[in-house]
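These notes concern the structure reproduced below.
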Amino acid sequence: MAKILVVDDEEHIRLLYSEELSEAGYEVITAADGYKLTERIDSEKPDLVILDIKMIDYNGLDLLQEIRNKFYNLPVILCTAYDTFKDDIKSIAADFYVIKSFDLTELKKKIVMALEANIPSP
Amino acid sequence: MFEHEVNPENIKKAAFVVAIPSYNEADSIAFPVQQADKGIQSFFGNMKSVIINCDNNSNDGTKEIFLGIRTHTPKIYISTEPGIKGKGNNLRNLFQKIVDLDANGVVVVDADLKSITPKWIKHLGEPLFQDFGYVAPLYVRHKYDGTITNSIAYPLTRSLYGRRVRQPIGGDFGFCGKLAQTYLQTATWSDTVANFGIDIWMTTIAMNEDIPICQAFMGRPKIHRAKDPGSDLGPMFRQVVGTIFNMMIKFYPFWSNVRWSKPTSIFGFGLGETEMPPPVKVHKEILFQKFHEGFSNCGRIWEKVLQKETVAKLQEIREMDRDRFDFPTHLWINVLIDFAIAYRDELCTEDELLDSLIPIYLSKTLSYVMKTERISIREAEEFIEEECVQFEGTKSLLIQRWNKKTSA
């Protein structure tokens, strides 16, 4: 069972994702902010991170940068309410992005693709 | 008088190297050398460094200009044998020198750069000392600059090898010393690699060796000689695309096991406001005309190489007015698959095959230009990203057709 870490400062989003993704067969853990996020990833070892871009005290794109530099191949899906984040070049370090919605069809599709992506060792 | 190497300060070891390949660049080499020197002094001042000009025995005084520039960093000049040309041959010389110097990090920048700053050296070099082994450039580019990259090199390398490197043939890059040894030992060297194919060859090998790759944001356009996609591309097209197809044959065991793509780290922010690229003029009527000429010049080859349905689709497109011209992405993917297989199966000579792809590529370029002419650079990027997803979605078809031909 793949383990997914949801990082979002909105409680109802964490709840929604936890319920829906658990029902879809994933183990879900959550974080309400980016505090010591890379340490948490190091200890919990999620298979995928869903990351909110705009949190009260944290910029998701900066967190993405930290994650990518430390966990080179860890899939990260950016979640946002607006698509203006694409103006920031840092966003291309994410595997995918989705616009926040109560319908998680697109998110689930991207999760499958991100978890399936593999690059074999030479 | 030919000199294979000039090493005035007798440098035997260096941790960091900035290399500048050249052929007859006497007029332009001074500026990148000065910027490289500033970059080394500002950001790598604590390392033993050297600037190397790897030259093709230029006869315009490149060597004398290079060695005469006042720099704080020591310099070494190396050259290929007389008569041996090509950026790839220059870099092969460099790889050996990197091994000899036992260098840890190498940055390569073109000799005709006009927009390079000392921070380019920082951004291409620093990741090499932070666990990355290959650094590709991420320039700010006009949506019509780099059409071989946009239509072929980026989508194909991304879908084949699974790593998203937006500008895999950027020309300026960084690599670790260990990779120089790998480049020297690999068995995939060819005549096309020796020239324009070198950039895609290096990027592809880094991907296949599972070397950690990052992209360095350069903050400004690469200004040297932007090309009109309708002109002046024969040798470059043949060598870049030929190298890609050739690597597909060699690296089939790797790419056939890759599913979807993964991003890379991005390095290099805080450059201030991003500078916008200069406009690139595209002659749509020339692109249109060259596509139409392709039917009479290359029709025989297309019929040999392409599937019947694909030829029929090209005939349909031929009937379109220029103002309503549209070349669908899925058709372009089918064309590239057919050409890659034809290259492998040697259905005609390499030059014939690759030259016959050019009119189709130009028509795809025309279609891209028309679809993106009223949208911003960022929106054009999204368009390319969507095309890449289509390339990745068609990967199983590529594998199926590749294997079918093998067993035929």
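These protein sequences, in sequence, are chains P and E. Read in order, the letters of the first sequence correspond to residues 1 to 122 in our numbering. Read in order, the letters of the second sequence correspond to residues 1 to 408 in our numbering. We treat Cβ as the ideally placed atom computed from N, Cα and C, and that holds for glycine.
For residue i, which residues does DSSP report across the bridge?
i: E5 of chain E; result: E:I78
i: Q215 of chain E; result: E:A136, E:I266
i: R92 of chain E; result: Answer is none; R92 of chain E lacks a bridge partner.
i: V193 of chain E; result: Per DSSP, none; premise fails for V193 of chain E.
i: C176 of chain E; result: E:G105
i: D55 of chain E; result: E:S22, E:S79
i: I4 of chain P; result: P:V28, P:L48
i: R259 of chain E; result: P:N118
i: I99 of chain P; result: P:T80
i: V112 of chain P; result: According to DSSP, V112 of chain P bridges with nothing at all.
i: V50 of chain E; result: E:V17
Considering only the beta carbon of each residue, do residue i and residue j sit closer than 9 Å?
i: K54 of chain P; j: T38 of chain P; result: no
i: K290 of chain E; j: I358 of chain E; result: yes
i: L124 of chain E; j: G88 of chain E; result: no
i: Y139 of chain E; j: C176 of chain E; result: no
i: I121 of chain E; j: V107 of chain E; result: yes
i: E5 of chain E; j: I69 of chain E; result: no
i: I473 of chain E; j: R141 of chain E; result: Nothing in the structure corresponds to residue 473 of chain E, since chain E is present only between 1 and 408.
i: N53 of chain E; j: T80 of chain E; result: no
i: L366 of chain E; j: K284 of chain E; result: yes
i: V76 of chain P; j: L51 of chain P; result: yes
i: V165 of chain E; j: A103 of chain E; result: no
i: I213 of chain E; j: F132 of chain E; result: yes
i: N195 of chain E; j: P253 of chain E; result: no
i: C388 of chain E; j: S261 of chain E; result: yes
i: K304 of chain E; j: C348 of chain E; result: yes
i: I337 of chain E; j: I89 of chain P; result: no
i: T243 of chain E; j: G197 of chain E; result: yes
i: N24 of chain E; j: S58 of chain E; result: yes
i: W302 of chain E; j: S356 of chain E; result: yes
What residue range does the alpha helix (DSSP H) around residue i cover?
i: Y58 of chain P; result: Careful: Y58 of chain P lies outside any alpha helix (DSSP H) and carries neither H nor E.
i: C298 of chain E; result: 284-305
i: M248 of chain E; result: 234-250
i: E275 of chain E; result: No alpha helix (DSSP H) holds E275 of chain E; DSSP gives it neither H nor E.
i: I121 of chain E; result: 118-125
i: T62 of chain E; result: 62-68
i: Y313 of chain E; result: The sequence as given places Lys at residue 313 of chain E; Tyr does not occur at that position. Start and end: 308-318.
i: H12 of chain P; result: 11-23
i: A342 of chain E; result: 329-344
Name the two residues that bound the continuous beta strand (DSSP E) containing residue i.
i: N208 of chain E; result: Per DSSP, N208 of chain E belongs to no beta strand (DSSP E); it is in the alpha helix (DSSP H), 198-208.
i: A19 of chain E; result: 16-22
i: S376 of chain E; result: Careful: S376 of chain E lies outside any beta strand (DSSP E) and carries neither H nor E.
i: T30 of chain P; result: 27-31
Can you look up residue i in the DSSP assignment and give me helix, strand or coil?
i: A93 of chain P; result: helix
i: I169 of chain E; result: coil
i: Q34 of chain E; result: helix
i: G105 of chain E; result: strand
i: G34 of chain P; result: coil
i: A408 of chain E; result: Confidence at A408 of chain E is low in this model, with a pLDDT of 43, below 50, so the placement of that residue is unreliable and no value is reported for it.
i: D83 of chain P; result: helix
i: I76 of chain P; result: Sequence inspection shows Val at residue 76 of chain P; the Ile mentioned does not correspond to that position. Correct three-state label for V76 of chain P: strand.
i: R163 of chain E; result: strand
i: S356 of chain E; result: helix
i: S115 of chain E; result: coil
i: A467 of chain E; result: Since the first and last residues shown for chain E are 1 and 408, residue 467 of chain E lies out of range.
i: N10 of chain E; result: coil
i: Q130 of chain E; result: coil
i: K87 of chain E; result: helix
i: L398 of chain E; result: helix
i: I29 of chain E; result: coil
i: L104 of chain P; result: coil
i: I412 of chain E; result: Residue numbering for chain E in the displayed model covers 1 to 408; residue 412 of chain E lies beyond these limits and cannot be assessed.
i: C348 of chain E; result: coil
Mind pulling the chain B residues with CB within less than 9 Å of residue i?
i: K3 of chain P; result: This model lacks chain B altogether, as its protein chains are P and E.
Practice task
Using a Cβ-Cβ cut-off of less than 8 Å, list which residues of the segment 245-268 of chain E approach chain P; keep chain order.
Solution key: Taking 8 Å as the Cβ-Cβ cut-off against chain P, the residues of the segment 245-268 of chain E that qualify are F254, N257, V258, R259, W260, S261, K262, P263, T264, S265, I266.
Practice task
Could you list the residues in the segment 98-121 of chain P with a C-beta less than 8 Å from some C-beta on chain E, going in chain order?
Solution key: Within the segment 98-121 of chain P, the residues whose Cβ lies closer than 8 Å to some Cβ of chain E are M113, A114, E116, A117, N118, I119, P120, S121, listed in chain order.
Exercise for the section: Output, in sequence order along the chain, the residues in the segment 46-73 of chain P whose CB is closer than 8 Å to any CB in chain E. Expected result: Against chain E - using a Cβ distance shorter than 8 Å - the residues of the segment 46-73 of chain P are Q65, R68, N69, Y72, N73.
Exercise for the section: Could you name the residues of the segment 195-224 of chain E whose beta carbon sits closer than 7 Å to any beta carbon of chain P, in the order they occur along the chain? Expected result: The residues in question are N208, E209, D210, P212, F217.
Exercise for the section: Could you list the residues in the segment 159-173 of chain E with a C-beta less than 9 Å from some C-beta on chain P, going in chain order? Expected result: Answer in chain order: Y161, G162, R163, R164, R166.
Handout entry: Cβ-based contacts, 8 Å cut-off: residues of the segment 347-379 of chain E near chain P
Key = Listed by position along the chain: R378.
Problem - Near-chain E residues of the segment 28-46 of chain P (beta-carbon distance less than 8 Å), N- to C-terminal order - result: Against chain E - using a Cβ distance shorter than 8 Å - the segment 28-46 of chain P contributes no residues.
Handout entry: Interface residues of the segment 77-96 of chain P facing chain E [CB-CB below 8 Å]
Key = Correct list: K86, D87, I89, K90, I92, A93, A94, D95.
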